[in-house]
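Asker:
Numbering (this note's numbering), first residue to last: 22 to 293.
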């Protein structure tokens, strides 16, 4: 969409390389007399697992208004329509990321504090298979990533995306520091980074979630510390939750939000 590229410098046309945009998205928009999109706000289906239960959740993204059309109430109208539509469809949770949380508070959204999980690496580092690097620039690797994302289980039972492939692929392109590795024995894809002597685990996509010792062994990583960017309840490892310092707030609304009590974090591979 030209509006997003003009406003944020985001080329969503990249999605064409990965099978096109999310077919479950519902855009709400205004167009001028020449057919140019003047304002947009999009809802999309993003099923979540919360406390072990599958929750029908909707994410909200692509909110923008061209400068000439600002101050006329277009954005407020599009938000009202999008939130109302999701309520009518029976979504249990609304979720968005924003640097202007006060804008969404009147619509029932509250900030959900995020925590990363930090600790020492596991002591047991026995060899557990091999891994190979994947690239979103190779068609064969993209096909494998898409297949595994279709079959994935949530990376956490506490708080995690249950199904949303488009953002995983886009975030792999937008963040050049993300490394994707395929763990052959586990048939799982690991998204990770390193920063100094710290290993950052961003996400795991697979039919099962391999334990952290197996991941580090397969990647041949021997860090001094580990940072996990999602609740680590399936990793066979526990880290201490540390508040995430960010200018971007995670906000939620709906009945399902009342069940969020444990420290959580939305994987950066699911950010939108």
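All residues carry an ideal CB built from backbone N, CA and C; glycine is no exception.
None of these values were measured; they are calculated from a predicted model.
Between the beta-carbon of residue 176 and the beta-carbon of residue 224, is there less than 8 Å?
Answerer: Their beta carbons are under 8 Å apart, which means residue 176 touches residue 224 by this criterion.
Asker: Whose CA, out of 212, 111, 74 and 244, lies closest to the CA of residue 230?
Answerer: Checked all of 212, 111, 74 and 244; the closest Cα to residue 230 is 212.
Asker: Per DSSP, residue 231 forms a beta bridge with which residues?
Answerer: Paired residues: none, contrary to the question.
Asker: With distance defined between alpha-carbon atoms, name the residue in 249, 276, 207 and 109 nearest to residue 264.
Answerer: The shortest C-alpha separation from residue 264 is found at 249.
Asker: Taking the alpha helix (DSSP H) that residue 97 falls in, what are its first and last residues?
Answerer: Where residue 97 is concerned, the enclosing alpha helix (DSSP H) stretches over 95–110.
Asker: Say whether the stretch 152–166 touches the stretch 110–120, bearing in mind that this needs 3 or more beta-carbon pairs closer than 8 Å, one atom from each stretch.
Answerer: No contact exists between the stretch 152–166 and the stretch 110–120.
Asker: What does a CB cutoff of less than 6 Å around residue 199 pick up in its chain, not counting 5 residues either side in sequence?
Answerer: Answer for residue 199: 193 and 212, listed in chain order.
Asker: Taking the C-alpha atoms as reference points, what is the distance between residue 184 and residue 69?
Answerer: Computed Cα separation, rounded: 7 Å.
Asker: Could you check whether the stretch 201–217 touches the stretch 240–257, counting it as contact only if at least three pairs of C-beta atoms, one from each stretch, sit closer than 8 Å?
Answerer: Touching, per the Cβ criterion.
Asker: Output yes or no for whether 8 Å exceeds the beta carbon distance between residue 112 and residue 74.
Answerer: For residue 112 and residue 74, no; Cβs fall outside 8 Å.
Asker: With distances taken Cα to Cα, identify the nearest neighbour of residue 62 among 71, 72, 51 and 56.
Answerer: Closest by alpha carbon: 51.
Asker: If residue 247 sits next to residue 180, beta carbons under 8 Å apart, how far is it from one beta carbon to the other, in whole angstroms?
Answerer: With 8 Å as the limit, residue 247 and residue 180 do not qualify as a contact, their Cβ atoms being about 19 Å apart.
Asker: Taking all protein chains shown into account, decide if residue 43 is buried (16 or more other Cβ within 10 angstroms of its Cβ) or exposed.
Answerer: Label assigned to residue 43: buried.
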